Amino acid sequence: TEGIIMDMNEAEGYKKVFSKGFVVDYPLTLMDGKLTDVLFNGSIYKDDRGNVVGAVVVARDITEQKRIAKSKAELATEIAINAQKEYLMAIKMSGDALIVLINDILDLAKVDAG
Numbered sequence: 001t002e003g004i005i006m007d008m009n010e011a012e013g014y015k016k017v018f019s020k021g022f023v024v025d026y027p028l029t030l031m032d033g034k035l036t037d038v039l040f041n042g043s044i045y046k047d048d049r050g051n052v053v054g055a056v057v058v059a060r061d062i063t064e065q066k067r068i069a070k071s072k073a074e075l076a077t078e079i080a081i082n083a084q085k086e087y088l089m090a091i092k093m094s095g096d097a098l099i100v101l102i103n104d105i106l107d108l109a110k111v112d113a114g
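Under UniProt numbering, the first residue of the sequence shown is numbered 1, with each subsequent residue one higher.
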């Protein structure tokens, strides 16, 4: 395919697609140097004697899907952190209210003691 560079490390990943017959999520380096996340699925066709007579490779750009998944994960983390902040704020407010109550009780005890 024009515009694609395949180095030896990438070639090993592609071999897995053919040898195992499974889908591989693998970065693909384009001629402009840009890395593109691609989902590969490939099959080799053999004749009755086991000789390779053809191959089919389907490559799908999944860069946008990965970006969306990363954004969702970051948002989930942010939501969890915000929830923890709310709990900490509630604990702090309860602690402050308890200090005020204890001080009021101590003031009353001082008044009673004369």
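C-beta atoms are modelled at their ideal positions from N, C-alpha and C, and glycine is treated no differently. Since we're looking at a predicted model, the values are computed, not measured.
Under DSSP, Gly33 forms no beta bridge with any residue.
Within the model, the alpha-carbon separation for Ala55 versus Asp47 is close to 12 Å. Annotation for Arg67: the continuous alpha helix (DSSP H) segment containing it runs 63 to 113.
Its Cα nearest to that of Arg67, the residue Val38 stands out among Val38, Asn103, Asp107, Val111. Assignment of beta-bridge partners to Arg60 by DSSP yields Leu39. The beta carbon of Thr63 sits closer than 6 Å to those of Thr36, Asp37, all from its chain and outside the five residues before and after it, given in chain order. Nearest to Ala59 by C-alpha distance, out of Leu101, Val100, Leu28, is Leu28. For the options Thr77, Leu88, Phe40, the alpha carbon positioned closest to that of Asp61 is the one of Phe40. Going by C-alpha positions, Ile81 is about 14 Å away from Ala90.
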